[in-house]
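What follows is a set of notes on a single structure, which appears directly below.
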Amino acid sequence: MDFHRIKQIVQTEHTLQDNEWKGAVVFLCNEEFVFFIKRSDKMPTHGGQMAFVGGHKKDGENPWEVAQREFEEETSLSRESLDFMGFLPIVMTARMQPIVPVMCFLKMSTQDFLRDVKSNGEWVDIVAYPWKELIQEDNWQFAWRNGYAKFPVLFHPMRRGSFIPYSQDYHTHLLWGATAAMVWDFLRLYYKSSDG
Numbered sequence: 001m002d003f004h005r006i007k008q009i010v011q012t013e014h015t016l017q018d019n020e021w022k023g024a025v026v027f028l029c030n031e032e033f034v035f036f037i038k039r040s041d042k043m044p045t046h047g048g049q050m051a052f053v054g055g056h057k058k059d060g061e062n063p064w065e066v067a068q069r070e071f072e073e074e075t076s077l078s079r080e081s082l083d084f085m086g087f088l089p090i091v092m093t094a095r096m097q098p099i100v101p102v103m104c105f106l107k108m109s110t111q112d113f114l115r116d117v118k119s120n121g122e123w124v125d126i127v128a129y130p131w132k133e134l135i136q137e138d139n140w141q142f143a144w145r146n147g148y149a150k151f152p153v154l155f156h157p158m159r160r161g162s163f164i165p166y167s168q169d170y171h172t173h174l175l176w177g178a179t180a181a182m183v184w185d186f187l188r189l190y191y192k193s194s195d196g
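What follows is the structure in C-alpha cells.
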C-alpha cells in the first residue's frame with residue numbers, strides 16, 4: 001500500500017455533527033497487513049465475527065479520541081503505538097449504527113504487536129491479514145440483504161494459511177458485514193484515486 005496515497009484519500013479533519021455518528025473503530029494496518037479481531041462469542045453484539053477494535057463514543061469525544069481509548073482498553077497497548085492517518089466514510093452496522101473507521105498505521109512490528117497484545121475479554125483472537133489478499137477482487141463475494149432498504153452485504157473468506165493469528169488458530173474466518181464494507185470502501189477510494 002502506498003501510504004502517501006492513503007493520506008490523500010482520508011479525511012484528516014472531523015467534520016461530523018454529534019448526532020451523525022455513534023462510535024468509531026481502528027482500521028489498523030501496516031505496509032503488509034490489516035489487523036482484525038475475532039470477537040468473543042460472549043459479546044452481546046456481533047459475537048464471533050471478525051471486526052476492528054472499537055466501540056461507542058462517550059460524551060464529548062471525537063472519533064480519533066474514541067479510537068485511541070478503545071485501542072488501549074481492548075489491546076492493553078499504548079495509543080502511542082498508533083499513527084493517525086485519517087477518517088474514512090461512515091459505515092452503518094446491521095443495527096443501523098453509524099460508525100467512523102479511523103485509519104491508523106501500527107508503529108510497532110507485526111511480531112511485537114502479536115506478542116504484546118492482550119485481550120480485555122472482548123476478543124479471542126487477532127489476525128494479521130495481508131493486503132495482497134484483500135486487494136484480490138476475486139476473493140470478494142456479495143449477496144443482497146432486504147431490511148429497511150435493499151443493500152449489498154460483502155463477504156471475504158480469510159483462508160487457512162493466508163494470515164498470521166495471535167492464538168495459533170489457523171481456521172478459516174469470514175470477513176463480512178460492516179467491517180467488510182469498511183475495507184471495501186477503503187479499497188474503492190484507494191484504487192479510484194489511482195485512476196485519476
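Residue numbers 1 to 196, in full-length UniProt numbering, belong to the letters of the sequence shown in order. All C-beta atoms in this analysis are idealised placements derived from N, C-alpha and C, irrespective of residue type, glycine included.
DSSP three-state label for residue i, please.
| i | result |
| --- | --- |
| W140 | coil |
| W21 | coil |
| P157 | strand |
| V183 | helix |
Apply the 10 Å Cβ neighbour rule to residue i and answer buried if 16 or more other Cβ atoms are within range, or exposed otherwise.
| i | result |
| --- | --- |
| L82 | buried |
| L175 | buried |
| H156 | buried |
| residue 207 | Shown here, the chain extends from 1 to 196; a query on residue 207 therefore has no answer. |
| H4 | exposed |
| G177 | buried |
In whole angstroms, what is the alpha-carbon distance linking residue i and residue j?
| i | j | result |
| --- | --- | --- |
| R115 | I126 | 11 angstroms |
| M85 | L16 | 17 angstroms |
| V153 | F142 | 5 angstroms |
| V53 | G161 | 23 angstroms |
| H14 | N62 | 7 angstroms |
| A94 | A181 | 11 angstroms |
| S40 | G121 | 7 angstroms |
| A24 | K118 | 20 angstroms |
| V26 | M50 | 13 angstroms |
| K132 | W21 | 31 angstroms |
Between which two residues does the beta strand (DSSP E) harbouring residue i extend?
| i | result |
| --- | --- |
| D125 | W123 to P130 |
| P98 | P98 to L106 |
Taking contact to mean 3 or more Cβ pairs, one atom from each stretch, closer than 8 angstroms, check whether the stretch 57 to 76 and the stretch 1 to 8 are in contact.
no
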